[in-house]
Amino acid sequence: MTPSLADVASSNVALRNLLHGLPGVDRVGADQRAATLGTRSIKTTSKALAIDLAIRMVDLTTLEGADTPGKVRAMCAKAVRPDPGDPSVPKVAAVCVYPDLVPRAVEALAGSGVRVASVATAFPSGRSSLDVKVAETAFAVAAGADEIDMVIDRGAFLSGDYLKVFEEIAAVKAACGTAHLKVILETGELVTYDNVRRAAWLAMLAGGDFVKTSTGKVQPAATLPVTLVMLEAVRDFLAVTGRKVGVKPAGGIKTTKDAIKMLVLVNETVGDGWLDPAWFRLGASSVLNDLLMQRQKLATGRYAGPDYFTLD
1 MTPSLADVAS SNVALRNLLH GLPGVDRVGA DQRAATLGTR SIKTTSKALA IDLAIRMVDL
61 TTLEGADTPG KVRAMCAKAV RPDPGDPSVP KVAAVCVYPD LVPRAVEALA GSGVRVASVA
121 TAFPSGRSSL DVKVAETAFA VAAGADEIDM VIDRGAFLSG DYLKVFEEIA AVKAACGTAH
181 LKVILETGEL VTYDNVRRAA WLAMLAGGDF VKTSTGKVQP AATLPVTLVM LEAVRDFLAV
241 TGRKVGVKPA GGIKTTKDAI KMLVLVNETV GDGWLDPAWF RLGASSVLND LLMQRQKLAT
301 GRYAGPDYFT LD
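Numbering-wise, the sequence shown is residues 1 to 312 according to the UniProt record's numbering.
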């Protein structure tokens, strides 16, 4: 199965045949494998390394209607120096904000190496015209965003209008220029694991650099089984096309235990080549504090407590 992109996008029928020709997902098997991997225990030195890696993978996120420039500046300071009292704590991967706040984040993160991500395409619903979605993407990129997190049109996908979803992703990818594109599937609305696999393949075929589980606004979000299905999809896509795509679970990752379960899942499903912020991210607003508390516990033998760290 190695059709060219031109062949795949030639019609809705061609896309449907490809996507529905993918192997089906054994839901019971996926649930059981994810549950089994979720019980793996990591201790001492390995746990310390895993915590630092998880911190480096965090997309520190604020996506609320009440977001202010001051909140974004404070979050950016935390992204660069998560624990002001411990300079050995690594920086996070990126800060994710709404498009109008991208200039504030760019200014605050200048020279830090922390990337600026922006949601776009009528986040979180995706209910807008293609012209608006492309314009919003171009606006965020022009403002300095390094990465764009777009949402697919779930209504079109669930209606079987795969070509519309493909063309929207491709158009947004073109508007990104050199910025990386993360494609949010909103897996909580896709109903089945087969749909999650199909949506991931559709996003990758259309040019997405990452596939992302969720907006964080719909539950369930980044479950272990859904992330497993997406990891298997990027593994298989690489085998077929030779192109490597990243994965970003987002929504519901709140504890160090949650984050480490994700890292185990990555290692056991696609291998340590994806254990890098370039290929795996954790979309979160609250997990960073727990990672910092657990890190301090390993280093000192005692918890600092949540009040020691800034609220996100």
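For every residue, glycine included, the Cβ atom is placed at its ideal position computed from N, Cα and C. Small disclaimer: the values here were computed from a predicted structure and weren't measured.
#1: Using the beta-carbon count (16 or more within 10 Å), is H180 buried or exposed?
#2: In the DSSP assignment, find the beta strand (DSSP E) that holds E147 and state where it starts and stops.
#3: Have a look at G111 and V13 and give me their C-alpha separation to the nearest angstrom.
#4: Rounding to the nearest angstrom, what Cα-Cα distance links C176 and L298 in this structure?
#5: Residues in its own chain within less than 6 Å of V89 by CB, not counting five upstream and five downstream?
#6: Could you give the distance in angstroms between the alpha-carbon of A93 and the alpha-carbon of F280?
#7: By the three-class DSSP mapping on this structure, what secondary structure does R104 have?
#8: Once the 5 residues before and after M75 are set aside, which same chain residues still bring their CB inside 7 Å of it?
#9: DSSP three-state label for S46, please.
#10: Apart from the five residues just before and just after A206, which ones in its own chain have a Cβ nearer than 6 Å to its Cβ?
#11: Who pairs with H180 in a beta bridge, going by DSSP?
#12: Could you please give me the residues that DSSP links to F210 through a beta bridge?
#13: For the beta strand (DSSP E) holding G283, just list the boundary residues, first then last.
#14: When DSSP labels each residue in this structure, what does V95 get in the three-state scheme?
Checking against the coordinates, here is how it stands:
#1: buried
#2: Here the beta strand (DSSP E) through E147 covers 147-151.
#3: Those two C-alpha atoms are separated by around 48 Å.
#4: 41 Å
#5: P82, D83
#6: 10 Å
#7: helix
#8: L60, T62, V95, D312
#9: helix
#10: F166, I169, A170
#11: E147
#12: K182, G246
#13: Where G283 is concerned, the enclosing beta strand (DSSP E) stretches over 282-284.
#14: strand
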